[in-house]
Amino acid sequence: MLRSHGFRLIALSGSCSLLAIAGPALAQQTADGANEPEQVDQQAAGGEIVVTATRRSETLSKVPLAVTAVNAQSLQNSGASDIRQLGQLAPSLMVSSTGTEANGSARVRGVGTVGDNPGLESSVAVFIDGVYRSRSGVALSELGEVERIEVLRGPQGTLFGRNASAGLIHVISKKPSFTFGANAEASYGNYDYWRLAGSITGPLTDTLAAKIEGVYAKRDGFYNDVNTGTTVNNRDRYFARGQFLFEPTDATSIRLIGDYTHREEACCGAAYIDAAFNPLIGGLNDPTQNNIVKVLLDLGQQPQAFSDPFSRKIWTSPAHRMGGTINDGGVSLEVSHDFGAAKLTSITGYREFKSEQEGDSDYSTVDLLYRAPGSFRQFKTFTQELRLQGSAFDDKLDWLVGGYFADEKLNVDDALRFGSQYGRFAACRIVSGGGLAGFYDPASTGCLSATGRTVVGSFGADIINGFDRLDTIRNVGTTMDSYHQHSKNYAVFTHNIFTLTEGLKLTLGARYTWEDKRLDATFGNNNTVCPALQGTLIDDLSSANATVRTLAGSLLSLGCQGNSTSEVNGVSINGKRSESEFTYTAGLSYQVRPEVMIYANYSKGYKAGGFNLDRSALKSPIMPFAAGGGAQAYVHNLMFDPEYVKAYEVGLKYSSREFSLSMTGFRQEFSNFQLNTFAGAVYIVQTVNGCKASLGGADRDADPATGTCANSDVGYGVLSQGVEIESSLRPARNLTFNLGVTYASTKYRGNLVGNSQGAPLDPALRMLPGKQISNSAPWVVTSSASWSPEIGSSGLHALFYVDARLSSDYNTGSDLYPQKVQDSFVVVNGRIGLRGPDDHWGVEFWVQNLFNQDYTQVTFNTPYQAGGSSASYVYPQFPGGKQLFSSFLAEPRTYGVTLRGKF
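If you use mature numbering (1 follows the signal peptide of the UniProt record, and there is no 0), the sequence shown corresponds to residues -27 to -1, 1 to 876, in order.
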C-alpha cells in the first residue's frame, strides 16, 4: 500500500451509496437466452426479470446461481460498446488490455489469465451467441446490437460447451424480428471521435426474418508520440453482422449468423511511471542513481520521458511505427427443435481471428527491441455443441445432457529483433553498472574509453573481444519464429434439477473433458554473435578470477538474450500433451417464501494445460542448445499443467416489486494456478501451488534451488473468498437505483511452490507468498442512478443517468512488485438526453471518466531496462533492483453527443 486509504475508501463508498450509483440498471439475468427459441428479456409480475441461467426460463429470484446480466438499455446508458467497459457495471468483473488489443484479460472475483501469451487459455471464457471465443481479448471490439451481456461467476462446465475455471461472459445479440424496423445513431466526441451505427430488420416471408447491422468507429489516439508526430492508441474499426431467423413451425427455430470485424490501429503505447505517481519508484528514474537511465539519455532518450506519464506524451523509436491490424470473422448456425418430450439444440460455429502487430517493443527513443512487420497470431476454431433437455417423473426431474467438440488451430509468427542501438546499449549497461563505470564512454566501441580497453584487455582477449562482439549486435535476431498449436477438445456434460419437496431442489451436474494439444515450432534467427560469444567465453565462466567470471556471464546473457541465437536457425521442435478431467457441481436451493430463496453450491472446475509459446523459456541463454542435446531436449520446459478449482458458494435472493437483493458468499481454492509473468526479458509461466509445511522463507529469496516441498504437502496455491451484494431499488416508474459491492480476498498462500511436484518458485515471483494477486482489488463498489421523467403529455421524456466504479488499491503486475501498485480510484460516467415519443428519436450528451481520473491498467518491467545492483536498491523495497517500469495507461476523460433515430 502506498499510504492508508481506509478513510478515503469509506467516504467514497458512502458517497456512491448516497448517489445510489451501481451495478447496471441491470437485469441480474442469466446465462444463455440466445440459445432459447425466444430471447428472454421480459419482466414477470412485480417487475422481475425472467432469465435462463440454467438453460430454463425462471424468474431471477428462483435461479440458484451467482450471475449478473446487463441489459441493452444499461449498456447504452453507460456507453459500453465492448466487454472492456462492463467492469463499470459489474463489481466482480475487471477487463484490461496490455501490449496489443488482442491481449485483453478478463477477471472474475480477482481471478483471470494475463493475456500476453496465447498459449494460455482464458480462466474467464467468452461466448458470443453461444459460440466460444478462443481468448477473451478476441472480444475487445464492437459488439453491435446486444440484447444483454451475462457474467457468470465461479467455475463453469455443466451448462456451456467450453469449460472455464473462474467465470464466463456471454454476449447475446439481438435476433432478427418479424416486425419491420430500423435504427441509426451517430456520435461525435473529443479526440475527433466518430461512431456511426445502424441496423435494419424485418420479415422476408411469414417464416423467415433477416437482420443486417454495422458499426464504424474512428478516433485519434490518447498518446502523442513526440518523435513521430503521430497519436497512438487510436481507433479505426468497422463491424458488420448479418442474420437469418427461420421458424417453419412453432417447434423449430434456425438462426444463421455471420459477422466480420476489421481494425487497423496504432497500439499500444506505454509511459514510464515516475515517483510522483507511485512514490515507491524512488530514484529509479534518476540518472545519478540508476546507471540504466544515464545510458538511455546518452544514447538519445529525452529526459522528459521519465516524468509526468499522464501528460500522455511518449517518445518511441522513429524507425519502428506502432501498428496493428486485426481481422475477426465467423459464422454460426443454431438449430432448436422441440419434440414435446424433449428439446434438442445444436450450435455450430467456425471462426477465424488474426492479429498482426509491429512496432517499438522497448517503448523508448533508443532502438533496442522491435517487432518486425509480418508478426501475427491467428486462431481458426471450429466448435460444435449439442444439448438435449426435458423433464420426467411428473416434472420432478428437469434433465439436460450435452456434448461438445472444439478444434482450434493457433498459428503464431513472431519476429522480435534487436534494434540498431542494442549492442552499444548492452555494452554500456555492463560498463556503467559496476567496477568499470570509470571507463564508461558511450561514443566508443564496447562503450569503453581507451584506458578502459587496456584495463579490460588485461582480463584476457576473450573478454575484450566479447565487448567488441556485443557492440556489433544491431538489427539482428529473430527472422521469424513460427509456432503451430493444434488443440482438440471433447466433452460430455449433464445438468439436472430434482424437486425433492415443494420449494426444495437438488441440482447435480457433471462433465468429462478430453484435451489433446500438439505443438510444432520452427525458429529463424541470424544473431551469429551469440554462438561466437559462447564459443570463446564459456570456459571463462569457470575462471579463478571473479571479475572475469562476472563479465563473461554478463556478455553471454546480453549477447544471447531470450535465446536469440543463429544456432536455432532452421531448427524445429515439437511436443504433445493429452489430459482428461472429471468435473462436477452439486447444489441445494430452498424457496423460503415466494420472494425469498436461499441456496448452496459446490463445484469443481478445470482449465487445460498447454505450451508457453516463447522460445526464451526453453532454457537459460548462457549455454548453447547443443550442450543439452539440442532444442528438442528442452521442450518440456514449455509445458505447463492444467488448473483446478474447488468452489463453495452460498446465496440469498429477495425480490419484490420495488426492491431486489442478491447476496453471495464464496470460497474458491485454485491448484496449479497458471501464472504468466513478464520478467523484463522473458515470459515465465508457472503453475503456482501452496505448501502445507513452512518453507522458512525459502520461497522469498533469490535462490532458484531453495524452497522445495514434499509432494504430499502440496496443496492449493490461491484462495479467493468473499461476499458479493447486488441490489436494485425502483421507488417510481421511471426511477431506478442500483448498488453493487464485492469484497474479494484473493490471495496466494503463505508458502508457495512452482508446480504440483513441489519444485521451487521462480525467484522472480518471490513477492507472491501471502499477497493479494494482481489486478484484484479487495473492495469494488459499483452504482448507478437512472431517471427518465415524462415531459407533460407530449410523449417526450428526458434522461438523467450516472454510474460509478470505486476500486480499492491493487497491484497491476503479476510479480507483485510494489512499484506496480495502483492507488484506489473512482471512475464516474454520466449522460443526459431528450427522447421523442416511443423513442423514435433522441439526443444525448455524455461523458466517460467525468473527473479525468488518472490510473493504470498494467504496469510492467520495461524490456531490457534494468540497471546494475547497489545496496540501496534491494529486495524487498526494490525486488527488481534498478529495473525501470512502464505502464499501459487507462483512458482519459472523453465526452460527446449522440443522435439516435428508429422506426
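Note that the Cβ used here is the ideal one computed from N, Cα and C, for glycine as well.
Measuring C-alpha to C-alpha distances from CYS240 to each of VAL268, ASN76, PRO37 identifies ASN76 as the nearest. The alpha-carbon separation between VAL801 and PHE710 amounts to approximately 15 Å.
Separation of the CB atoms of ASP232 and ALA213 is rounded to 7 Å, and the pair is thereby assigned contact status at 8 Å. Using a C-beta cut-off of 8 Å, the region 198 to 207 makes no contact with the region 216 to 227, since fewer than three inter-stretch Cβ pairs fall below that distance. When DSSP states are grouped into helix, strand and coil, GLN826 belongs to the coil group. Under DSSP, no beta-bridge partner is assigned to VAL428. For ARG80, the pairing in a beta bridge is given by DSSP as MET67, GLY85.
Counting C-beta atoms within 10 angstroms of its own C-beta, ARG126 has 16 or more neighbours from the protein chains shown and is therefore classed as buried. A buried status is given to GLY624, since no fewer than 16 other beta-carbon atoms sit within 10 Å of its beta-carbon.
Straight-line spacing of the CA atoms in GLU381 and THR486 works out to 15 Å. The DSSP assignment places no complete alpha helix (DSSP H) segment of no fewer than 4 residues inside the region 456 to 500.
Contact between the region 555 to 562 and the region 476 to 495 is present: 3 or more CB-CB pairs across the two stretches fall below 8 Å. PHE613 places its beta carbon 9 Å or farther from that of GLY663.
Under the DSSP assignment, LEU772 falls in the beta strand (DSSP E) whose first and last residues are 769 to 780. The region 202 to 245 is shown to contain whole beta strand (DSSP E) runs of 3 or more residues at 203 to 205, 208 to 222, 225 to 237, in chain order. Taking one beta carbon from each stretch, the region 389 to 403 and the region 525 to 532 have 3 or more pairs nearer than 8 Å; the two touch. In the displayed model, ASP414 falls within coil according to three-state DSSP, outside both helix and strand.
A Cβ-Cβ distance of about 4 Å is found for the pair THR871 and SER160, placing them in contact under the 8 Å criterion.
The alpha-carbon of GLY723 is positioned some 12 Å away from that of GLY680.
Contact annotation: VAL144 and PHE100 have beta-carbon atoms nearer than 9 Å.
Cβ-Cβ distances below 7 Å link GLY508 to nothing in the same chain once the five nearest sequence neighbours on each side are left out. The beta carbon of ASP371 sits closer than 6 Å to those of SER364, ILE470, all from its chain and outside the five residues before and after it, given in chain order. LEU524 and ASP435 have their C-alpha atoms some 10 Å from each other. Straight through space, the alpha carbons of VAL544 and ASP340 are spaced by roughly 28 Å.
Where SER551 is concerned, the enclosing beta strand (DSSP E) starts and stops at 545 to 566. In the structure shown, LYS382 falls within a strand segment according to DSSP collapsed to helix, strand and coil.
Here GLY255 is near GLN850, since their CB atoms are less than 9 Å apart.
For ALA758, the three-state secondary structure derived from DSSP is strand.
Setting aside the 5 residues that flank it on each side, PRO504 is surrounded in the same chain by THR538, SER539, GLU540, PRO597, each with a C-beta closer than 8 Å to its C-beta; the list follows chain order. In the three-state reduction of the DSSP assignment, GLN362 falls in the strand class. Contact check for THR41 and VAL97: beta-carbon distance about 13 Å, past the 8 Å limit, so the pair fails to qualify. At a Cβ-Cβ threshold of 9 Å, LYS720 and ASP686 do not count as neighbours.
Separation of LYS316 and HIS310 (C-alpha to C-alpha, rounded to the nearest whole angstrom) is 6 Å.
Here ALA839 is bridged, per DSSP, to GLN856. Around the C-beta of VAL81, 16 or more other C-beta atoms lie within 10 Å, and the residue is accordingly described as buried.
Between SER405 and VAL521 a beta carbon distance of about 19 Å is seen, past the 8 Å cut, so the two are scored as non-contacting.
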